[in-house]
Amino acid sequence: LKCYKGRCYRIEPIPGEEDQYICYEAYRLDLFEECSVTNMFTSIVGNVFGFKALRALCLEDLRILTTYIKTFQGPPHGIQVERDKLNKYGCPLLRCTIKPKLGLSAKNYNRAVYECLCGGLDFTKDDENVNSQPFMRWRDRFLFCTEAIYKSQAETGEIKGHYLNATAGPCEKRSK
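Positions in the sequence shown are counted from 1; adding 2 to them yields our numbering.
Below is the structure:
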């Protein structure tokens, strides 16, 4: 089990700062699931930021081995396809993450998505913490967000969208 612990390989004092240091850590590559940004960040950031002995912490840099980066396939398409889908060219695409990220019912979430899209945004997205909690199941959010998209498109005459978080749980069930 020792081989799976993070290793602090260098500590440097921050010039002019009392009791402040830059710490360099390394982790074995086989500690992380291939293609999983979520797994990598929760493993590194979650573990390090969970040290109770630390009063304050700031992540300033993260370097990822090329061999791990190559496991990521990337998005299925790029910005040009997004522009083509939205029929929007020559201007920035505007989006936001719906807040509050937790606690809204699917119906209230729908209202927030609708108001954002009617207010001029091109698309909205779920926060990474929004999955399929008891107060807002994924299927309900999907159905309500679809309604918000169609309604805002009818009202504005523009193509709109919403990115649903599908990073947790059985995605096969969701695709049905």
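For glycine and all other residues, C-beta sits at the position ideal for the given N, C-alpha and C.
Since we're looking at a predicted model, the values are computed, not measured.
Per DSSP, T40 is one residue of the alpha helix (DSSP H) stretching across 39-43. Annotation note: the segment 100-176 contains the following uninterrupted alpha helix (DSSP H) runs of length 4 or greater, listed N- to C-terminal: 108-120, 140-158. Shown here, C60 sits in coil according to DSSP, grouped into three states, outside any helix or strand.
Contact between F137 and G105 holds, with the beta-carbon distance rounding to 7 Å and staying under 8 Å. Taking R30 as reference, the option from S45, E84, E14 with the minimal CA-CA separation is S45. A straight-line Cα-Cα distance of about 10 Å links L59 and C25. With respect to T99, V115 sits apart: the two C-beta atoms are not nearer than 8 Å.
Beta-carbon to beta-carbon, A108 and R65 are separated by about 40 Å, too far to satisfy the 8 Å threshold. For N41, the closest of E130, E84, R113, Y111 by C-alpha to C-alpha distance is E130. Here DSSP, grouped into helix, strand and coil, assigns Y6 to helix. Note that the C-beta distance between D124 and N167 is not below 8 Å. In the DSSP secondary-structure assignment, A28 is bridged to R9.
Judged by DSSP in its simplified three-state form, E84 adopts helix. The C-alpha of V132 lies about 12 Å from the C-alpha of D142. Taking C-beta atoms as the reference points, L88 and G122 fail to come closer than 8 Å. The beta carbons of E157 and C118 sit no closer together than 8 Å.
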